[in-house]
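S.K.:
Chains as they are written, first to last, in our numbering: chain A, 8 to 121; chain B, 35 to 148.
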């Protein structure tokens with residue numbers, strides 16, 4: 008079965024620190040990649056997505072992610088986090104042949120200290 | 035344009051009771067799905083539908099039924115609730131872009147089964 012791994016379960020940073028959250032997926036051919044964010048008490052919102060083209064994608068709120076095909080990775084980055092970035096972040100993948108089904112990672116809780 | 039609307043927001047059931055979680059979308063999306071979110075496990079797909087009259091099982095379908103009589107509505111039924119079904123349930127709808135899904139999520143239903 009296809010799977011998505013997020014190795015950091017809980018990350019704690021101070022404001023202005025740089026962020027990188029890891030995401031690795033199992034090999035399954037052509038993939039589409041997503042990062043979703045869930046702020047406390049809210050539903051999931053799309054941060055950014057990668058379908059094809061430039062492997063460095065930029066999303067909302069200053070987030071970006073880089074698709075590295077050789078490493079099966081799609082890490083999320085932000086140069087300087089803010090307290091308002093405190094949330095849970097989910098990496099998700101759709102695989103060719105099941106392009107309508109999202110497979111989610113287990114999530115990373117980010118806490119930003121003021 | 036309300037997006038994806040889920041009701042109720044909270045529900046407490048006793049073991050063996052039945053109930054229906056409602057989900058409606060007003061974006062004319064063909065694809066709808068139900069996920070459950072459990073701590074440390076991310077979101078797991080329960081059932082999905084690619085259009086009215088068509089449903090299929092996801093990763094964790096046992097104990098849940100769905101139907102899709104209209105494009106707008108996709109209710110999730112628990113026929114005999116069990117404590118293992120205590121979770122947060124999210125409904126999502128999506129359109130297809132470049133062969134993949136951009137999924138929009140509802141606010142969730144927090145269910146406790148005693």
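Glycine is no exception: its CB is placed at the ideal position from the N, C-alpha and C atoms. No experiment lies behind these values; they were computed from the predicted model shown.
#1: State the DSSP-derived secondary structure class of residue 92 of chain A, mapped to helix, strand or coil.
#2: Any chance the segment 17-29 of chain A sits against the segment 83-100 of chain A, with 3 or more Cβ pairs inside 8 Å?
#3: Between residue 141 of chain B and chain A, is there a C-beta pair that is closer than 7 Å?
#4: Taking Cβ positions only, does residue 51 of chain A come closer than 7 Å to chain B?
#5: Do you know offhand how far residue 58 of chain A's Cα is from residue 135 of chain B's?
#6: Do we get a CB-CB distance below 7 Å when we pair residue 75 of chain B with the residues of chain A?
#7: Could you check what DSSP says for residue 69 of chain A in three-state terms: helix, strand or coil?
#8: In chain A, which residues lie with their C-beta within 8 Å of the C-beta of residue 82 of chain B?
#9: To be precise: take each residue of the segment 59-80 of chain A, compare its Cβ to all Cβ atoms of chain B, and keep it if any distance is under 8 Å. Which residues remain?
#10: Whole angstroms is fine: what's the gap from residue 138 of chain B's alpha carbon to residue 86 of chain B's?
#11: Under a CB-based cut-off of 7 Å, is residue 114 of chain A close to chain B?
#12: If you measure between the beta carbons of residue 117 of chain B and residue 94 of chain B, is that distance less than 7 Å?
#13: Could you work out which residues of chain B lie near residue 93 of chain A, taking near to mean beta carbons separated by less than 9 Å?
#14: Using 10 angstroms around the beta-carbon of residue 14 of chain A, count the other beta-carbons present and answer buried if the total reaches 16, otherwise exposed.
#15: For residue 137 of chain B, return the contacting residues in chain A, with the cut-off set at a CB-CB distance below 7 Å.
#16: Is any beta-carbon of chain A found at less than 7 Å from that of residue 98 of chain B?
#17: Just to confirm before moving on: does the CB-CB distance between residue 102 of chain B and residue 89 of chain B stay below 7 Å?
#18: Could you please tell me which residues of the segment 112-125 of chain B, in chain order, have their CB closer than 9 Å to any CB of chain A?
M.R.: Short version:
#1: If you number the first chain from 1, residue 92 of chain A lands on position 85. Secondary structure at residue 92 of chain A: helix, using DSSP grouped into helix, strand and coil.
#2: Short answer: they touch.
#3: Mapped onto the second chain, residue 141 of chain B falls at position 107. When Cβ-Cβ separations below 7 Å define contact, residue 141 of chain B makes contact with chain A.
#4: Counting from 1 along the first chain, the entry for residue 51 of chain A is found at position 44. By this cut-off, residue 51 of chain A is an interface position.
#5: In the first chain, counting from the first residue as 1, residue 58 of chain A sits at position 51. In the second chain, counting from the first residue as 1, residue 135 of chain B sits at position 101. Cα to Cα, the separation comes out at about 10 Å.
#6: Indexing the second chain from 1 puts residue 75 of chain B at position 41. Yes, its Cβ sits closer than 7 Å to a Cβ of chain A.
#7: Taking the first residue of the first chain as position 1, residue 69 of chain A is located at position 62. In the three-state DSSP reduction, residue 69 of chain A falls in the helix class (H, G or I).
#8: The sequence position of residue 82 of chain B within the second chain is 48, counting from 1. What residue 82 of chain B touches in chain A: 107 and 108.
#9: Taking 8 Å as the Cβ-Cβ cut-off, the segment 59-80 of chain A approaches chain B at 59, given in chain order.
#10: As a first step, residue 138 of chain B is located in the second chain; it is residue number 104 there, counting from the start. As a first step, residue 86 of chain B is located in the second chain; it is residue number 52 there, counting from the start. Looking at the two C-alpha atoms, the distance is approximately 18 Å.
#11: Counting from one through the first chain, the residue named residue 114 of chain A turns up at place 107. Taking 7 Å as the CB threshold, residue 114 of chain A lines the interface with chain B.
#12: One-based indexing of the second chain puts residue 117 of chain B at position 83. One-based indexing of the second chain puts residue 94 of chain B at position 60. Against a cut-off of 7 Å, the Cβ pair of residue 94 of chain B and residue 117 of chain B comes out as no contact.
#13: As a working mapping, residue 93 of chain A is identified with position 86 in the first chain. Within 9 Å Cβ-Cβ: nothing; residue 93 of chain A doesn't reach chain B, min ~17 Å.
#14: The residue labelled residue 14 of chain A in the question sits at position 7 within the first chain. Under this definition residue 14 of chain A is an exposed residue.
#15: Mapped onto the second chain, residue 137 of chain B falls at position 103. In chain order, 109 make up the part of chain A whose C-beta sits under 7 Å from the C-beta of residue 137 of chain B.
#16: Reading the second chain from its first residue, position 64 is the one you call residue 98 of chain B. Residue 98 of chain B does not count as touching chain A.
#17: Start at 1 with the first residue of the second chain, and residue 102 of chain B comes out as number 68. Start at 1 with the first residue of the second chain, and residue 89 of chain B comes out as number 55. The Cβ-Cβ distance between residue 102 of chain B and residue 89 of chain B falls below 7 Å.
#18: Answer in chain order: 124.
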